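There are 2 protein chains.
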Amino acid sequence: MAALSFMRVPGVPLVQPGDDLAALIGAALRAAGLMPQAGDLVAIAQKIVSKAEGRSVRLAEVTPSAEAEDIATRANKDPRVVELILRESRAVLRVSPGVIIVEHRSGIVLANAGIDRSNIEDSDERALLLPADPDASAARLRAELQREFGVALGVVITDSIGRAWRLGTVGIAIGCAGIKALNDLRGQSDMFGRTLQVSEVAVADSIAAAAVLAMGEAAEGTPLVLVRGADAGADSGQTARDALRPAAEDLFR
Amino acid sequence: MAALSFMRVPGVPLVQPGDDLAALIGAALRAAGLMPQAGDLVAIAQKIVSKAEGRSVRLAEVTPSAEAEDIATRANKDPRVVELILRESRAVLRVSPGVIIVEHRSGIVLANAGIDRSNIEDSDERALLLPADPDASAARLRAELQREFGVALGVVITDSIGRAWRLGTVGIAIGCAGIKALNDLRGQSDMFGRTLQVSEVAVADSIAAAAVLAMGEAAEGTPLVLVRGADAGADSGQTARDALRPAAEDLFR
Numbered sequence: 017m018a019a020l021s022f023m024r025v026p027g028v029p030l031v032q033p034g035d036d037l038a039a040l041i042g043a044a045l046r047a048a049g050l051m052p053q054a055g056d057l058v059a060i061a062q063k064i065v066s067k068a069e070g071r072s073v074r075l076a077e078v079t080p081s082a083e084a085e086d087i088a089t090r091a092n093k094d095p096r097v098v099e100l101i102l103r104e105s106r107a108v109l110r111v112s113p114g115v116i117i118v119e120h121r122s123g124i125v126l127a128n129a130g131i132d133r134s135n136i137e138d139s140d141e142r143a144l145l146l147p148a149d150p151d152a153s154a155a156r157l158r159a160e161l162q163r164e165f166g167v168a169l170g171v172v173i174t175d176s177i178g179r180a181w182r183l184g185t186v187g188i189a190i191g192c193a194g195i196k197a198l199n200d201l202r203g204q205s206d207m208f209g210r211t212l213q214v215s216e217v218a219v220a221d222s223i224a225a226a227a228v229l230a231m232g233e234a235a236e237g238t239p240l241v242l243v244r245g246a247d248a249g250a251d252s253g254q255t256a257r258d259a260l261r262p263a264a265e266d267l268f269r
Numbered sequence: 017m018a019a020l021s022f023m024r025v026p027g028v029p030l031v032q033p034g035d036d037l038a039a040l041i042g043a044a045l046r047a048a049g050l051m052p053q054a055g056d057l058v059a060i061a062q063k064i065v066s067k068a069e070g071r072s073v074r075l076a077e078v079t080p081s082a083e084a085e086d087i088a089t090r091a092n093k094d095p096r097v098v099e100l101i102l103r104e105s106r107a108v109l110r111v112s113p114g115v116i117i118v119e120h121r122s123g124i125v126l127a128n129a130g131i132d133r134s135n136i137e138d139s140d141e142r143a144l145l146l147p148a149d150p151d152a153s154a155a156r157l158r159a160e161l162q163r164e165f166g167v168a169l170g171v172v173i174t175d176s177i178g179r180a181w182r183l184g185t186v187g188i189a190i191g192c193a194g195i196k197a198l199n200d201l202r203g204q205s206d207m208f209g210r211t212l213q214v215s216e217v218a219v220a221d222s223i224a225a226a227a228v229l230a231m232g233e234a235a236e237g238t239p240l241v242l243v244r245g246a247d248a249g250a251d252s253g254q255t256a257r258d259a260l261r262p263a264a265e266d267l268f269r
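Taken in order, these protein sequences are the chains called A and B. The working numbering applies: residue 17 is where the first sequence begins, and numbers increase by one. The working numbering applies: residue 17 is where the second sequence begins, and numbers increase by one.
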């Protein structure tokens, strides 16, 4: 029976700036006895990618602009964090107590530019930004993991985001390589031979959703999941950017 | 190693109005050798629930209102389908060529009220509405499947929806029973002892996303997936309605 499986990989140590993340991931997979097979996907939490890439910022070194101070008052947030949110964003869509919805420089629309203050040492003093180029990070990690294990793999860098009309967060792919972002079924037939009208499946995001669930959160969270059985198209050439809705089609800006 | 697994279940026949869906699902699980275990979840595509509940409507019997005719012109859609969309909805949020974003009577915000014209026999003549009460459908199916298999199970009724800022569809839980809609981690500590600020995970939606991917679409689609290893809280008492963002918190209406 074909199964799509998400295997939580323990043993990733606390990641420090400059760490060789692919090596840490490879060691954790081997130690867990989970040898990647051709077509497997490696789902990696954004936090450890950002940490390895040195994307942690000391808040004491951030001077908020007047705009950041103003938005911080409206959002009831630390003005230094708001300053970082603004620097990381192309546009501010909404400001509300506790949340600033922005278009991140990567094009992703999300709250607070994905800036995180939990699960970081000295978190009262530091904030963690998203990777500078998550697709590039995914491509690099993919190349390194493929070299180490000698099989074709995909990599998905996950983050958890909120939704406009639904409560709770879900995982999305903020960066990916070797996996379809979208599976375009338009023009294919359904089982009655009728042409499908709207069928473009967000493959990488769907994988990320369950991967983040498998990672868990809070104290017991692990940032690494091996995904098997996805049949997700290793050489599509797509990246996470392919899943961004063009501004011209945006009905809710 | 703890794994979260989605097992596609073949052998569900074409469902007809009035069919005993739990019996068909039970037979498909047995025939596939997939005996549900305590804590497993059964993910069921909305289409077969709607079909069994007789939610298919002959378009020839639908008379569009003036409002439906007007919106149909702006959306470039069949006025009879638009009439059904309006009847199924509480509010229209946006109208754009090909898509009408509504708040469905269940409270779910989605395109075209979830009305589907693919994968239905005589689809040029009929449209398929969402189940009248998807949470009630899930609770009923759960009770029947638990009786048949003698173990505690959860049920998720899935549909695929678009997103405001991202391309491609993802599965969500439009109805559920015996599974947490949300896992509220607020107040728990992260691994450094810091209280988590925003951590309410959309469990049922995350499960639905991968389940819909495992189902597949188009000609080879199967509407049934058995989910194992989710640890998703069999007796939370939550339903899919618990994942709806209250209108007072809606920044994008």
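Ideal Cβ positions, reconstructed from N, Cα and C, are used throughout, including at glycine. Model, not experiment: these values are computed from the prediction.
Contacts of residue i in chain A (Cβ-Cβ under 8 Å)
i         : result
Gly184(B) : Ala197, Leu198, Asn199, Glu216, Val217, Ala218, Val219, Asp221 and Ala259
Any C-beta of chain B under 7 Å from that of residue i
i         : result
Leu22(A)  : First, the residue type needs correcting, since residue 22(A) is Phe and not Leu in the sequence shown. So yes, Phe22(A) belongs to the interface.
Leu229(A) : yes
Arg110(A) : yes
Ala193(A) : no
Ala180(A) : yes
Gly27(A)  : no
Proximity test, Cβ basis, 7 Å: residue i and chain A
i         : result
Phe268(B) : yes
Ala18(B)  : yes
Val125(B) : yes
Ala226(B) : yes
Ala154(B) : no
Ala264(B) : no
Buried versus exposed, by CB contacts within 10 Å (16 or more), residue i
i         : result
Met51(A)  : exposed
Leu30(A)  : exposed
Pro262(B) : exposed
Gly55(A)  : buried
Thr79(B)  : exposed
Glu104(B) : buried
Pro26(A)  : exposed
Gly191(A) : buried
Pro33(B)  : exposed
Asp251(A) : exposed
Gln254(A) : buried
Asp200(B) : exposed
Gly184(A) : buried
Asn135(A) : Here the model assigns Asn135(A) a pLDDT of 49, short of 50, so the residue's position is not dependable, and the following value carries that caveat. Under this definition Asn135(A) is a buried residue.
Glu77(A)  : exposed
Arg158(B) : buried
Gly166(A) : exposed
Arg74(A)  : exposed
Arg182(B) : buried
Chain A contact residues for residue i, given Cβ-Cβ distances below 7 Å
i         : result
Gly187(B) : Ser222
Ile117(B) : Leu267
Presumed contact (8 Å Cβ cut-off) between residue i and residue j, rounded CB distance
i         : j         : result
Leu100(A) : Val65(A)  : With 8 Å as the limit, Leu100(A) and Val65(A) do not qualify as a contact, their Cβ atoms being about 17 Å apart.
Lys196(A) : Ala129(A) : With 8 Å as the limit, Lys196(A) and Ala129(A) do not qualify as a contact, their Cβ atoms being about 26 Å apart.
Ala18(B)  : Arg24(A)  : 5 Å
Asp221(A) : Val186(B) : 6 Å
Val58(B)  : Leu198(B) : With 8 Å as the limit, Val58(B) and Leu198(B) do not qualify as a contact, their Cβ atoms being about 20 Å apart.
Gly229(A) : Val98(B)  : Inspection of the sequence shows that residue 229(A) is occupied by Leu rather than by Gly. Not really, about 36 Å apart at Cβ, beyond 8 Å.
Val259(A) : Phe22(A)  : Checking the sequence shown, residue 259(A) turns out to be Ala, not Val. Actually they are not in contact, since the Cβ atoms of Ala259(A) and Phe22(A) sit about 20 Å apart, beyond 8 Å.
Pro150(A) : Ala256(A) : 6 Å
Ala193(A) : Ala155(A) : 4 Å
Ile116(B) : Ala91(B)  : 5 Å
Residue i at chain E interface by Cβ criterion, 7 Å
i        : result
Arg24(A) : Judged by its chain identifiers, the structure shown contains no chain E, and its protein chains are A and B.
Review point. Three or more C-beta pairs closer than 8 Å, one from the stretch 103 to 113 of chain A and one from the stretch 163 to 180 of chain A: is that the case here?
Key: Result no; under three Cβ-Cβ pairs closer than 8 Å.
Review point. Taking three-plus beta-carbon pairs below 8 Å as touching, is the stretch 145 to 156 of chain A in contact with the stretch 118 to 134 of chain A?
Key: Segments in contact, yes.
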